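Trainee: Residues in the sequence shown are numbered consecutively from 1, following this note's numbering. For every residue, glycine included, the Cβ atom is placed at its ideal position computed from N, Cα and C. These numbers come from a predicted model, not from an experiment.
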Amino acid sequence: MNGKEADMMPFPATMTVLARGQERFNVYCTPCHSRVGNGAGMIVQRGYKPAGNFHDAKRLSEPLSHYFYVMTNGYGAMPDYKAQVTPEDRWAIAAYIRALQLSQNATVSDVPPGMQVESLSSIAQKEGDPASYAGPWPMPSTAVTARPQTGIAAGAPAQAPGPNAATVPTGKSTTGATKTPPARPSGAQQ
Ligand code: HEC
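Structure (structure tokens):
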């Protein structure tokens, strides 16, 4: 507020606001940030720069207005969303991101008395999902981990990278590939 970031928003985060934030987040943000906000959305899996993980220490300590600011102005490789998302909806999304953060970092003591907590692995087993469903969700090998030094857009053929250089996906062509890419993680997506 007054040019400074603050952990507050201009209207209360009611359930209606959170539901609106969830709906807008799923439309505009999940392609890159994923439904849980870990930064490994579908576009990242296809070779975009990993989007910020909302559950790391840096992001957990950000005030609410930071999310509003990032949506309004863009951030690094992320475009701004001020034309697509109204100011009210940007606050609703910010509130929803905070709810997502709480959901991913909750402990059993956050659960109201009388509620049963079931582990994700036992839910996965009951639902007939593979065990990897409940496992950690690693950043896919297809994510671009550094911007190409040469300024060529990701997707253009990589110039002979050094042994430690980040690999740039070579697009759809499989014919010229000398190495088979590592297998995709089989964990839950989106
Ligand atoms: C086209 C992909 C894309 C979309 C869509 C997208 N982001 Fe991002 N976002 C990124 C990338 C990439 C970064 C990391 C930017 C960097 O480090 O250069 C990022 C970073 C962030 C960060 C972290 C900023 C920090 O403090 O480190 C926030 C917060 C964020 N995005 C929020 C959102 C929200 C909210 C939406 C939906 C309105 C959204 N993003 C949509 C790609 C995207």
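1. Taking only beta-carbon atoms, is residue 104 less than 8 Å away from chain B?
2. Relative to the ligand HEC, is the shortest distance from any of its heavy atoms to the C-beta of residue 58 smaller than 7 Å?
3. Can you list the alpha helix (DSSP H) stretches of 4 or more residues lying completely in the segment 7-94, in chain order?
4. Whether or not the segment 55-64 and the segment 126-136 are in contact is what I'm after, with contact meaning three or more pairs of Cβ atoms, one per stretch, closer than 8 Å; do they touch?
5. Check whether the Cβ atoms of residue 37 and residue 55 sit closer than 8 Å, and answer yes or no.
6. Based on Cα-Cα distance, which residue from 111, 96, 110 lies nearest to residue 26?
7. Can the beta-carbon of residue 90 be found less than 8 Å from the beta-carbon of residue 72?
8. Taking the continuous alpha helix (DSSP H) assigned at residue 121, which residues delimit it?
9. Determine, using beta carbons only, whether residue 48 and residue 81 come nearer to each other than 8 Å.
10. By alpha-carbon positions, which one of 107, 43, 137, 124 ends up nearest to residue 78?
11. Grab me the residues of residue 106's own chain with a C-beta within less than 8 Å of its C-beta, minus the 5 sequence neighbours each way, in chain order.
12. Round the Cβ separation of residue 41 and residue 93 to the nearest angstrom and send it over; I've been treating them as touching at under 8 Å.
13. Distance, Cα to Cα, residue 4 vs residue 122?
14. Which value, in whole angstroms, describes the spacing of the CA atoms of residue 6 and residue 68?
15. Helix, strand or coil, according to DSSP, for residue 106 in the structure here?
16. Would DSSP call residue 5 helix, strand or coil?
17. Given residue 111, which residues of its chain have a CB within under 6 Å of its CB, disregarding the five upstream and five downstream residues?
18. Near residue 13, what residues of its chain come up, given a Cβ to Cβ distance below 7 Å and the 5 sequence neighbours on each side ignored?
Mentor: Per the coordinate set shown:
1. Protein chain content of the structure displayed is limited to a single chain, and chain B is not contained in it.
2. Yes - the ligand HEC has a heavy atom lying nearer than 7 Å to the Cβ of residue 58.
3. Correct list: 15-28, 30-33, 42-45, 57-60, 64-73.
4. At 8 Å Cβ cutoff, the stretches do not touch.
5. Yes, these two residues count as a Cβ contact at 8 Å.
6. Looking at the Cα atoms, 96 is the closest of the given residues.
7. Against a cut-off of 8 Å, the Cβ pair of residue 72 and residue 90 comes out as a contact.
8. Where residue 121 is concerned, the enclosing alpha helix (DSSP H) stretches over 120-127.
9. At the C-beta level, residue 48 and residue 81 stay beyond 8 Å of one another.
10. Nearest neighbour of residue 78 by Cα position, chosen from 107, 43, 137, 124, turns out to be 43.
11. Taking C-beta separations shorter than 8 Å and ignoring five residues to either side along the sequence, residue 106 has no partners in its chain.
12. Not a contact, Cβ separation roughly 15 Å.
13. Residue 4 and residue 122 have their C-alpha atoms some 45 Å from each other.
14. If I take the Cα positions, the gap works out to 10 Å.
15. Assignment of residue 106 by DSSP, reduced to helix, strand and coil, places it in the coil class.
16. DSSP, read as helix, strand or coil, puts residue 5 in coil.
17. Result list for residue 111: 117, in chain order.
18. Only 95 meet the Cβ criterion.
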